[in-house]
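A.B. asks:
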Amino acid sequence: MRYEAVIGLETHVELATQSKIFCSCGGHSTKGEPNTRVCPACAGMPGMLPVTNRRVVELAMRAGILLHCDISRYTTFDKKSYYYPDLPCAYQITQWFHPVCRNGSLEVTTKDGTRTIGIKQIHMEEDAGKLVHDDWTETTLVDFNRTSVPLIEIVSKPDFRTADEVMAYLEKLKTMFRFANISECEEGAMRCDVNISIRPEGTEELGVRTEIKNMSSLSSIRRAIQYETARHLDAVERGTETLVQETRRWDDVKGRTFSMRNKETAADYRYFPDPNLMPILIGEDWIQRVRDTMPASVEEKTAEYQSKGLSEKEIASLTSERSLCDLFDAVTALGREPKDAASWILTECGGLLRKHGQVMGELQIAPGKLSRIMEKVSGNEINRAAGRKVLEAVLYEDAEPDAYCEAHNLSAQGDTDAVRQVVLKVLDSTPNAVRDYLGGKKKAFQALFGGCMKELKGNGDPQVIRALLEEELSKRS
Amino acid sequence: MGQYVTEIKRGGAVAVDDTIQVKGCETRAGSRILEGFRPLFSAEAVERLERAGYGIAGKSAVGEFGLDLLGEFAHGGANLDASGALRGAAAELVAAGGVKGALCVDLNGTPRRAAALSGVDFLKPTYGTVSRYGVIPCACSGEQIGVTAKAAGEVWELLRVIAGHDPKDGTSLPTETYSYNDGKAVAGMRVGLVRELSAAASDAVQARVTDCAGRLRGLGATVDEISLPLSDAARTAWNLLLCAETCNNVSRYDGVKFGYRSPDYRNIDELYVNSRTEGLNFLTKAVILYGSDVLSKGRYFTCYDKALKVRRLVWEQVKALFKDYDALLCPACAETAYRPYDIKDAFKTVFAESLFTAIPNLTGLPAMVSGGVQFFADTLQEGTLLNLAEALEGGSAK
Chain S
750 MRYEAVIGLE THVELATQSK IFCSCGGHST KGEPNTRVCP ACAGMPGMLP VTNRRVVELA
810 MRAGILLHCD ISRYTTFDKK SYYYPDLPCA YQITQWFHPV CRNGSLEVTT KDGTRTIGIK
870 QIHMEEDAGK LVHDDWTETT LVDFNRTSVP LIEIVSKPDF RTADEVMAYL EKLKTMFRFA
930 NISECEEGAM RCDVNISIRP EGTEELGVRT EIKNMSSLSS IRRAIQYETA RHLDAVERGT
990 ETLVQETRRW DDVKGRTFSM RNKETAADYR YFPDPNLMPI LIGEDWIQRV RDTMPASVEE
1050 KTAEYQSKGL SEKEIASLTS ERSLCDLFDA VTALGREPKD AASWILTECG GLLRKHGQVM
1110 GELQIAPGKL SRIMEKVSGN EINRAAGRKV LEAVLYEDAE PDAYCEAHNL SAQGDTDAVR
1170 QVVLKVLDST PNAVRDYLGG KKKAFQALFG GCMKELKGNG DPQVIRALLE EELSKRS
Chain D
-13 MGQYVTEIKR GGAVAVDDTI QVKGCETRAG SRILEGFRPL FSAEAVERLE RAGYGIAGKS
47 AVGEFGLDLL GEFAHGGANL DASGALRGAA AELVAAGGVK GALCVDLNGT PRRAAALSGV
107 DFLKPTYGTV SRYGVIPCAC SGEQIGVTAK AAGEVWELLR VIAGHDPKDG TSLPTETYSY
167 NDGKAVAGMR VGLVRELSAA ASDAVQARVT DCAGRLRGLG ATVDEISLPL SDAARTAWNL
227 LLCAETCNNV SRYDGVKFGY RSPDYRNIDE LYVNSRTEGL NFLTKAVILY GSDVLSKGRY
287 FTCYDKALKV RRLVWEQVKA LFKDYDALLC PACAETAYRP YDIKDAFKTV FAESLFTAIP
347 NLTGLPAMVS GGVQFFADTL QEGTLLNLAE ALEGGSAK
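Protein chains in written order, with the numbering used here: chain S, 750 to 1226; chain D, -13 to 384.
Set out below in structure tokens:
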């Protein structure tokens, strides 16, 4: 008999907001020393009252619009009670009764084709803190920096059949959310709970379901799904064990899942509406405003860049990061040619980032500075190699393009007269090489070229040097 | 009486209940579990008083989280008068003239009951008019800071200072300030005497209510006996909501971050269990158990959700009465004096007594105790309540 896996995902995504979900203290969990991003409210001090961060609701609506959801006109926050030392109030504020979005979908494409994954709901909630276990002293420390950082949880329908589909879905969510400035989706900012069961292909009834909690790396998720599916198959086909509905934990080192035999699986969270947070009424005009202020999607940007004559490859690279699109748009708005701008961002900046062990997403440069460098190069004030040098100084020393050129005497490098002086000097000082070249030993050209480059300290434009060398050599033949 | 009162300034001095935070001043809410807890900030109402030039005289003692009748189960002990009867600490401070007034949290009618027994005034304003920022939370959907003072004029004076919009409280009403000068005059006022509540009180209290009705008629008001059939359902609903919300709110006292921590534990579960077992009293534990039960999976829709529906029905029934009446008159408590009793009976006793006080907590409507009786008024009609009290007190402080 052939079996198929039935997989559903609960994906927690940390939202990119300036402040936390119910207080005004600093938003970013991953940054800062332990317990420095915390205020009396998110530390759960009695007497503090939660006040909803409007931006969180708008980002959740934005996610709902991208995932084709119905946006609720009436949405509420509810309290979920459980004890854990990383939860300062012993309750988490989440949405249980009236989530902000329902009934959406996302198309995912794998090598086997395109399928539509149903989205049951999206809800908003606060994150918990972090426990840091110190095996050496056998103590556990708590860090509340992440407490009350806003999350949305996207609950899919059990529509996945393969790990590939899950990967494609998560990759697509990541790209969409980064691009729409919903989340930075950095390491750990996207966490998944995976529900798995198997059933004979062609049947409707669901098998025994297990849930693997809290995984954040894509490779772990893939391996966990593969392991868990195989475990279910063995149990059903060969009777290796009896499956029970339970919560399991993935051990990335051992490469297997373990039952989390704790009380939490049977917990009763005693949900009830939080009386401190009034129901949020979402009108058509608010939804429209969120729609109108949504950053352009990948598809829209792709079409725009096609019309500007960029290649498929350039478009794919630029649209991999919202920040690259923003930079490109700013530089072209300053009057630079689109093709040239793409080349400077992707080839020149990209090359320098690689050299410094960084990735494209880390590129940070004032559009005005990049534009100025491009202007100097295209206006032949400096050559491209010098431009690259200026760019490096701008990126890593925060230099000003004009001041840097002046200070490093780069402005003359594009001047053919200056280069010609160097060429003549090299030709005069190495008569042997000149004789060899003129006598037919073409290899001697490289020595002369190298001599010029050395004189110019690497700042010469190879094409200009080559042309001038050939010109001057021909005069001596 | 007030076990935390350190200094009593005459004149502009105001006491605040120990469930209201004052920055840096130990705030225990009458409980061992908050031993040594010094708040990082003051309640908004306290800030407003201080900005307006009033001094905080100190903290007035309350029962653990303000859950009991009159503070009888405070960690620091009950407060008794010379005859051995229970008295509320804040009401007694005010009655003795030690302070101009007191800010008290009306969670389950305690300050109203205390005012009736000590012969002072207490006004619980409309929910959302005074910020709850800085109140040790129990039942957030109905608890409200109010003012205890000797006469209506002083209640009016202090209430105006503390009321008004606070962005730090998401349930705060948008009105920036209130004048409370728009109340109806007593002559020509229509008052409804609530039959069910009056009938449930002792003869002495009933006589007090009847006497008050007579005096009101003498002042030109009409008083009719009216029926509020949902009175008892309102009590049950409020008890249920109060327990559920309190259970959730006091769950943060776990011995991990502040307050009392049991010295006796080997792991995190024991730390929680032992700290809470030793830190909370029997009444709070009963409230937690009842609250957990009504929120549990099997019970939510038959208990908690139903209580929310009853809240709506009571609201409609009372609002309908306010079409015909300017105020409702009823007792504030069943007896004229209460004796100390065993804590094992506390849950039953407290939630029997809340029959008289539950409606304003459940619906958010304003209520005032003066001259040992209680009045309810429509939303934001505190002015009417103050006029009633003032007329009965025969003064014109306002």
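For each residue, glycine too, the CB sits at the ideal point set by N, CA and C.
#1: Would you check if there are 3 or more beta carbon pairs closer than 8 Å linking the stretch 120 to 135 of chain D to the stretch 219 to 235 of chain D?
#2: Report the three-state DSSP secondary structure of threonine 888/S (helix, strand or coil).
#3: Grab the span of the beta strand (DSSP E) containing isoleucine 1064/S for me, first residue to last.
#4: Could you tell me which whole beta strand (DSSP E) segments of length 3 or greater appear in the stretch 888 to 937 of chain S?
#5: Along the chain, where does the beta strand (DSSP E) that runs through histidine 872/S open and close?
#6: Which partner residues does phenylalanine 1021/S have in the DSSP bridge list?
#7: Which residues in the same chain have their Cβ closer than 7 Å to the Cβ of proline 317/D, if we skip the five residues on either side of it in sequence?
#8: Using alpha carbons as the reference points, say which of Arg18/D, Gly10/D, Ala377/D lies closest to phenylalanine 51/D.
#9: Does tyrosine 290/D come within less than 8 Å of chain S when only Cβ atoms are used?
#10: In the stretch 95 to 180 of chain D, which residue ranges form an unbroken alpha helix (DSSP H) of at least 4 residues, counting only runs that do not cross its ends?
#11: Alpha carbon to alpha carbon, how far is glutamate 1048/S from methionine 1123/S? Give it in angstroms, no decimals.
#12: Residues in its own chain within less than 6 Å of phenylalanine 27/D by CB, not counting five upstream and five downstream?
#13: Just the chain S side, please: which residues come within less than 7 Å of isoleucine 122/D by C-beta, in chain order?
#14: Using a beta-carbon distance below 8 Å, is glutamate 231/D in contact with chain S?
#15: Throw me the rounded Cβ distance for the valine 805/S and threonine 766/S pair, which I believe falls under 8 Å.
#16: The ligand SAH and cysteine 791/S: does any heavy atom of the ligand fall closer than 7 Å to the residue's C-beta?
#17: Looking at the C-beta of cysteine 818/S, does it have a partner C-beta in chain D at a distance below 8 Å?
#18: Which residue or residues does DSSP assign as beta-bridge partners of phenylalanine 1007/S?
#19: With a CB to CB cut of under 6 Å and the five nearest residues on each side skipped, what residues in its chain are close to leucine 890/S?
#20: Cα-Cα, which of Arg1121/S, Ile970/S, Glu1033/S is closest to arginine 997/S?
#21: Return the CA-CA distance between alanine 973/S and glutamate 995/S, expressed in angstroms with no decimal places.
#22: Please compile the residues from chain D whose C-beta is within a distance smaller than 9 Å of the C-beta of cysteine 1283/S.
#23: Look at the Cβ atom of glutamate 954/S, then the Cβ atom of valine 943/S, and state whether they are nearer than 8 Å.
#24: Going along chain S, which residues have a C-beta under 9 Å from tyrosine 113/D?
#25: If we ignore side chains and look at the alpha-carbon of each, how far apart do serine 1072/S and glutamine 1170/S end up?
#26: If you check the beta carbons only, do arginine 948/S and glutamate 753/S fall under 8 Å apart?
#27: Helix, strand or coil for asparagine 1181/S per DSSP?
#28: Is it the case that the stretch 31 to 43 of chain D contacts the stretch 71 to 78 of chain D, given that we only count it when at least three CB pairs across the two stretches are under 8 Å?
#29: Got a sec: is the Cβ-Cβ distance from alanine 29/D to anything in chain S below 8 Å?
#30: Taking 8 Å as the limit between beta carbons, can you name the residues of its chain near isoleucine 820/S, skipping five residues before and five after?
#31: Check whether the stretch 324 to 332 of chain D and the stretch 268 to 275 of chain D touch, using three or more Cβ-Cβ pairs below 8 Å as the test.
#32: Between the alpha carbons of glycine 49/D and alanine 15/D, how many angstroms are there, rounded?
#33: Are the CB atoms of glycine 793/S and aspartate 835/S within a distance shorter than 8 Å?
#34: Output needed in chain order: residues of the stretch 1015 to 1037 of chain S with a Cβ under 7 Å from some Cβ in chain D.
#35: Is the beta carbon of threonine 825/S closer than 8 Å to that of proline 1087/S?
#36: Return the chain-ordered list of same chain residues with a C-beta closer than 6 Å to the C-beta of alanine 1142/S, the five sequence neighbours on each side being excluded.
C.D. replies: On the basis of the supplied data:
#1: Three or more pairs of CB atoms, one per stretch, sit closer than 8 Å, so the stretch 120 to 135 of chain D contacts the stretch 219 to 235 of chain D.
#2: strand
#3: Not the beta strand (DSSP E): isoleucine 1064/S falls in the alpha helix (DSSP H), residues 1061 to 1067.
#4: The DSSP assignment places complete beta strand (DSSP E) segments of no fewer than 3 residues inside the stretch 888 to 937 of chain S at 888 to 892, 899 to 905, in order along the chain.
#5: 862 to 875
#6: Lys828/S
#7: Taking proline 317/D as the centre and dropping the five residues before and after it, the same chain places the C-beta of Leu183, Ser184, Ala187, Val191, Val195, Phe342, Val359, Gln360 closer than 7 Å to its C-beta, in chain order.
#8: It is Arg18/D.
#9: yes
#10: 96 to 104, 138 to 148
#11: 28 Å
#12: If you ignore the 5 residues before and after phenylalanine 27/D, its C-beta comes within less than 6 Å of the C-beta of Lys9, all in its own chain and listed in chain order.
#13: Pro795, Gly796
#14: Cβ-Cβ to chain S under 8 Å: yes for glutamate 231/D.
#15: In this structure valine 805/S is in contact with threonine 766/S, their Cβ atoms being roughly 6 Å apart against a cut-off of 8 Å.
#16: For the structure depicted, the ligand SAH is absent and the ligand set is empty, with no information on it obtainable.
#17: no
#18: Arg998/S
#19: Val881
#20: Ile970/S
#21: 15 Å
#22: Because residue 1283/S is not part of the residues shown, which for chain S are 750 to 1226, the question remains open.
#23: no
#24: Result: empty, since nearest Cβ-Cβ is about 10 Å, beyond 9 Å.
#25: For serine 1072/S and glutamine 1170/S, the distance between alpha carbons rounds to 44 Å.
#26: yes
#27: helix
#28: no
#29: yes
#30: Met810, Gly813, Ile814, Val849, Cys850, Ile1031, Ile1036
#31: Touching, yes.
#32: Each residue's Cα considered, the two are about 7 Å apart.
#33: no
#34: Asp1017, Arg1019, Phe1021, Pro1024, Asn1025, Leu1026, Met1027
#35: no
#36: So the list reads Ala1148, Tyr1153, once near-sequence residues are dropped.
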